[in-house]
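Respectively, the protein sequence lines represent chains E and W.
The first sequence begins at 14 in the numbering used here and counts up one residue at a time.
The second sequence begins at 76 in the numbering used here and counts up one residue at a time.
For glycine and all other residues, C-beta sits at the position ideal for the given N, C-alpha and C.
As the structure is a prediction and not an experimental result, all values here were calculated from the model.
Only one structure is covered here, and it is reproduced in the block below.
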Amino acid sequence: MQCPSFLANNNLWVSLIVGGIANGFLYALIALGYTLVYGVLRLINFAHSEVFMAGGFGGLFAMRAILGTSSPAGFWAIWFMIVGIVAGAAAGGATAFVLERVAYRPLRKRNAPRLTYLISAIGASFFLFNLGGKEFGRITAFIPTPAVVQGNSFTLCGVGVESVWILTMVTALVLLIVLDTVVNRTKLGKGIRAVAQDAETASLMGVHIDRTIALTFVLGGLMGGAAGCLFGVQFGVIYTMGFVPGLKAFTAAVLGGIGNIRGAMIGGLMLGLVENIPLRWMSAEWQDVVAFGVLVALLLFRPTGLLGERLGREA
Amino acid sequence: VTLTAPVTEPGPGPSRTGARARPARSGRLQSLAASPSLRRLGILVAAGLVLAVMTGPAGTNAAPISGFTGSLKFPRLLWFLGLALVMFAIASIWHAFGEAATSRASRLRSSIVKLTAQRKVRLALDLAILAFGFIWVSWISPHDTWKGGVCIEVGCAFAAMELVVYLFESRSFRLARLGGYALVAVYGVLAWMHNPVSKYLNRIGAVPHERTLGTLLLWIALALAVLEGLLFLLAVVRGIVVPRSRRGLVTLAGVVLCTYGWLMWTRWHDWRAASRQSVAHWFASIHLLPHNHSAGLAVLAVGAIVLLSAVLWVGADLARASRRSRPETGRYEFTGITKQAKFAYGRTAITIAALLVALQWPLHMNAGVQSILTTQVAIYVLLAMGLNVVVGFAGLLDLGYVAFWAIGAYTAAYFTGALPIQPPFLLNPFWIIPFAIAAAMFAGVLLGTPTLRLRGDYLAIVTLGFGEIIEIVANNLAGVTGGPAGTPGVIPQFSFHLFSVKYDWTGTVLPYYYLILGVAVIFMVAFSFLEHSRVGRSWTAIREDEVAADSVGINALKYKVMAFSIGASTSGFAGVFLASQIQSLFPVDFVVQTSILILVFVIFGGMGSIAGAVIGAFFIQWLPQYLQLHSFRDYQLQDEFIYLGAMLVLLMIFRPQGIIPARRRRREILLTEEGVGHPESPGGPVRVTSFGETLPSDYGKLSLDEPGYVGPETE
């Protein structure tokens, strides 16, 4: 592969950028959950990081059940990965569905104040991840992966590009396209956009609000769960895994303009790059600080994000 | 000079005396509560029980602090009961006079009204009881000289009675009262001259705590006599009348001062010795209850008694509050007890009771529990009170609250030289408190000024990120904080040496507990004043509708930053305690989970309710520790968050206002559920609800008659 001249002989740059893009896709997937829920409810779903965690555990258990200790090689083994991702997505979607039912809907029925939702979501988040810790153990578990997903797949400018990164990018791209289609082309998507624009009118037009909101949660949960599985393949699965990626994905959602679906995708990619590039000069522990610094700066200077809030709200 | 001083309470104030103002429509319970004799009997029985408990059996376990060796003997109990009877009788007679003298007519014409036949009968009955009590006491009490003994006992009785009169009586006959004081003073002096108190008490073989008690009562009587005389002189000479409500406070303060002054006086040597360790240690040594493990029962008993007295007291006050004067007829109308009155009196009484229990409790526990009470409960109570200002009063969801705690703690570590970087000067943690408060407050302002412009949920995220950043910094900046391995140096405990006062709390826990308790009480009072001040009202306005608040000239940002930095400084303050108590800091102490935990305290108790925050913190911190101490099933401390998380969700669904709700907050929630409020405010409604299916479950709960309702008409 031809290497751009400014990257030649600069391995660190390449690995940072590629790694950043791979992480960025993950953030984009999670950020979609925040953005979708924000779009319809105007609320930040604090418990979304636990949807992500549920996806990780879903993937872990599916892969363990299928693979056990074996590690099939060869390209066809990628199908095992896909099964894992689907399982993760299913777990995430189910968690999000339950979450909406338990922590949001009763409050919605009562027309509760905004603060109440936030607290309820925080409570649900704590309940879920500590329950995960109690039930699944408090140590990091590693998802058994087919051999094809481990190690470098090819070399780019002298840097080994890990195949799991490729997998992440491809999966994320597919899911993002699917979601974009769902939101923009299908009846469900039209319902979501209608609720986001004006729930009252939408209900008059025959949109079933409760169902739409629940499905919005599920959609976000599917994305988050798949991301959880992809994350788990790289870094392992533990009950606290959701917190930091969740916060970063929220940053990504804000970066792209919360409520704006394509914005969340772009925001995720940007955040992945923005937090990775400074690693050229500082050690990896400070990566999170950079991300949160971006968040704070962003909220201060441009809280509507780069692309502006959308999904219903005009201008 | 007429001895009838000016009327203390101008206007037709409510009378507390039963007979005249007995309401026409009073329920049975209310008339019971209003009955002065019953009230007084209840109080005196309670007092007798307290005395009995105070002389309770000493435990076999070695007391943590030396001092108490008493035993409960049958005659002593009778002695005290007799004393209580005497007190009761005298108080009743007193009351009869007071009643006669202070009827409406007398207040208008400044003259004494004749006793009615009914009152005469009661007076006679009271006199009989008095005589009986005297005989009883002189028969039971093992004294040998009649004069000295009776002097002391009458003095004691008067003193105790005076306390009762002061606390529970609204108007007594001044002249008679003054005479009574003179009598007490004369008796006291006589007793002192003829038979010095200590000598007499020694002769009757009183055990130390009885001596303490007897002498204490005498001193209180003397102090009250002096105080009343001064107030009386003031009224006669300068025409200044201290209102009754203030006088109660003055008296209470006087009694407390006298008590502690006396205790200090008689235990001066102990105090000198104890002060080398700490003041709190000394305070702990003068407590009047036995301390041992089996004394948990005694604590419970005292708590129950205090509560009983509080209930009686409250009942009386409620009865008073339930009457309203009708100026046009000069009569009283029974209106029924208002909810506000119930709340106000109930809260006061329970607060006092809780405080007493909090004072005594740790003394009866072993060192491990004392340590838990200090580091796991008391500090968190302080934190919850601070966060309550931010979340409860101003409605700002701060999820990085622990960061300020960490800042306070690491400031303490820095100035004690426990960090790898060395400070310009070394200080004891005690002197670092102002620095830590300043540092946390500065951080609060620094973070708050830009971020508080944002809407509520953004603020939550930013503070969450901030909390995370602080933890990461503490973990990774090993050159400054020592990293995950903790601070390299040991943070000393509180000590300082100033002239003759020496503190050294090394190796102790209880002094911290008492210091935090004191600080918590101060904060409680301060925050409650703050809540009802202009600032507090501004917070309420911002919380309910920031746009509207802005439009009436409230600088929302200013007040939000104020709330934020007040919370932060409370947290920083608590940080110093943590640092000097656990002596070594680890970043893991300051994880974001802890912020959520403190948030749970506030929400569980009831946002905006100070008592709620305190009780929430106490309950949620103590219960898991208790379960673990008693190895309840296989309860694990780390599972706590599962239950807490579930509890948060359930609370939000079923009782969003918390266990002890702040009334205004509760009303706000109901209003919001009716759709009132600005959607962008933290307390405002969320736009999307389900339409056409169900009405909000609490629909119609809020009545438009509720005072201050300003929302739109909902037909």
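Can you list, in chain order, the residues of the stretch 127–150 of chain E whose Cβ is nearer than 9 Å to any Cβ on chain W?
-> Hits within the stretch, in order: R127, L128, T129, Y130, L131, I132, S133, A134, I135, G136, A137, S138, F139, F140, L141, F142, N143, L144, G146 and K147.
Could you say which of E:L45, E:L25, E:L29 and E:W26 lies nearest to L186 of chain E if we only look at CA atoms?
-> Of all alpha-carbon atoms in E:L45, E:L25, E:L29 and E:W26, the one lying nearest the alpha-carbon of L186 of chain E is that of E:L45.
Residue span of the alpha helix (DSSP H) that contains G173 of chain E, given as start and end | Per DSSP, G173 of chain E lies in no alpha helix (DSSP H) segment; the continuous beta strand (DSSP E) that holds it begins and ends at V172 to E175.
When the Cα atoms are used, what is the spatial distance from F88 of chain E to L228 of chain E?
-> Cα to Cα, the separation comes out at about 34 Å.
With a threshold of 7 Å, establish whether the CB of I657 of chain W neighbours any heavy atom of the ligand NAD.
-> Absent from the structure shown: the ligand NAD. Ligands present: none.
Put S838 of chain W into one of helix, strand or coil per three-state DSSP.
-> Look at the range of chain W in this structure, 76 to 790, and you will see that residue 838 of chain W is not part of it.
Shortest alpha-carbon distance to L54 of chain E belongs to which of E:R121, E:L80 and E:I98?
-> Nearest neighbour of L54 of chain E by Cα position, chosen from E:R121, E:L80 and E:I98, turns out to be E:R121.
Exposed or buried, what is S28 of chain E when buried is set at 16 or more other beta-carbons lying within 10 Å of its beta-carbon?
-> Per the 10 Å Cβ criterion, buried.
Burial state of G131 of chain W (16 or more Cβ within 10 Å) | Here G131 of chain W scores only 34 on pLDDT, less than 50, and its place in the model should not be relied on; the value that follows carries that caveat. Under the 10 Å beta carbon count, G131 of chain W is surrounded by 16 or more other beta carbons and is classified as buried.
Go through its chain and collect everything with a Cβ distance to M722 of chain W's Cβ below 6 Å, but skip five positions before and after it.
-> In its own chain, leaving out the 5 sequence neighbours on each side, no residue places its CB closer than 6 Å to the CB of M722 of chain W.
Short check: CB of A688 of chain W to CB of A515 of chain W, under 8 Å?
-> The Cβ-Cβ distance between A688 of chain W and A515 of chain W does not fall below 8 Å.
Beta-carbon spacing of G245 of chain E, G72 of chain E below 8 Å = Yes, the pair counts as a contact, with Cβ atoms nearer than the cut-off.
If the cut is a Cβ gap below 9 Å, which residues of chain E does N551 of chain W touch?
-> Ordered by position in chain E, the residues that pass the 9 Å Cβ test against N551 of chain W are S296, E298, W299 and V302.
DSSP on F140 of chain E, reduced to helix/strand/coil?
-> Three-state result, F140 of chain E: helix.
Quick one: does L719 of chain W have its CB under 8 Å from some CB of chain E?
-> Using a Cβ-Cβ cut-off of 8 Å, L719 of chain W counts as an interface residue toward chain E, since at least one Cβ of chain E sits closer than that to its own.
Since F716 of chain W meets chain E, which of its residues come closer than 7 Å, beta carbon to beta carbon?
-> Within chain E, the residues placing a beta-carbon under 7 Å from that of F716 of chain W are F139 and N143, ordered along the chain.
Name the chain W residues that come within less than 7 Å of V183 of chain E, Cβ to Cβ?
-> Within chain W, no residue comes near V183 of chain E; the closest Cβ sits about 30 Å away, beyond 7 Å.
Can you name the residues that DSSP bridges to S603 of chain W?
-> Its beta-bridge partners do not exist; DSSP assigns none.
Residues in its own chain within less than 8 Å of V31 of chain E by CB, not counting five upstream and five downstream?
-> Closer than 8 Å at Cβ, skipping near neighbours: L169, V172, V174 and W178.
Three-state secondary structure assigned by DSSP to T48 of chain E = If DSSP states are grouped into helix, strand and coil, T48 of chain E belongs with the helices.
Thinking C-beta only, is E621 of chain W closer than 8 Å to N124 of chain E?
-> No, the pair does not count as a contact, with Cβ atoms beyond the cut-off.
What number of angstroms, rounded off, separates the C-alpha of I290 of chain E from the C-alpha of M283 of chain E?
-> For I290 of chain E and M283 of chain E, the gap between their C-alpha atoms comes out near 11 Å.
Smallest Cα separation from L141 of chain E: which of E:M66, E:G52 and E:F305?
-> Measuring from the Cα of L141 of chain E, the nearest candidate turns out to be E:M66.
What are the boundary residues of the alpha helix (DSSP H) that L472 of chain W is part of?
-> Here L472 of chain W belongs to no alpha helix (DSSP H), and DSSP marks it neither H nor E.
Minimum Cβ-Cβ distance from I57 of chain E to chain W less than 8 Å | Yes, I57 of chain E counts as interfacial toward chain W.
Does any CB atom of chain E fall closer than 8 Å to the CB of P525 of chain W?
-> Yes - at least one Cβ of chain E is within 8 Å of the one on P525 of chain W.
With 8 Å as the threshold, decide whether the Cβ of P316 of chain E is near any Cβ in chain W.
-> Yes, P316 of chain E counts as interfacial toward chain W.
Which word fits P126 of chain E, buried or exposed, when buried means at least 16 other C-beta atoms lie within 10 angstroms of its C-beta?
-> With 16 or more other Cβ atoms within 10 Å, it is buried.
Residues of its chain near G582 of chain W, where Cβ-Cβ distance is below 8 Å and the 5 sequence neighbours each way are ignored | Excluding residues within five positions, the ones whose Cβ falls inside 8 Å are Q568.
Whole-angstrom C-beta distance between L527 of chain W and V636 of chain W, which should lie under 8 Å | 6 Å between Cβ atoms; contact.
Which word fits G219 of chain E, buried or exposed, when buried means at least 16 other C-beta atoms lie within 10 angstroms of its C-beta?
-> It is exposed - the Cβ of G219 of chain E has fewer than 16 other Cβ atoms within 10 Å.
Taking only beta-carbon positions, decide if P731 of chain W is within less than 8 Å of chain E.
-> Output row for P731 of chain W: interface = yes.
Smallest Cα separation from A154 of chain E: which of E:Y252, E:R275 and E:F110?
-> Minimum Cα distance to A154 of chain E is reached at E:Y252.
Member of E:G255, E:G272 and E:I156 whose CA lies at the smallest distance from the CA of S84 of chain E | With distances taken between CA atoms, S84 of chain E lies nearest to E:I156 out of E:G255, E:G272 and E:I156.
CA-CA distance, L319 of chain E and N36 of chain E?
-> Taking the CA atoms as reference points, L319 of chain E sits about 19 Å from N36 of chain E.
Does the beta-carbon distance from L201 of chain E to A239 of chain E come in below 8 Å?
-> No.
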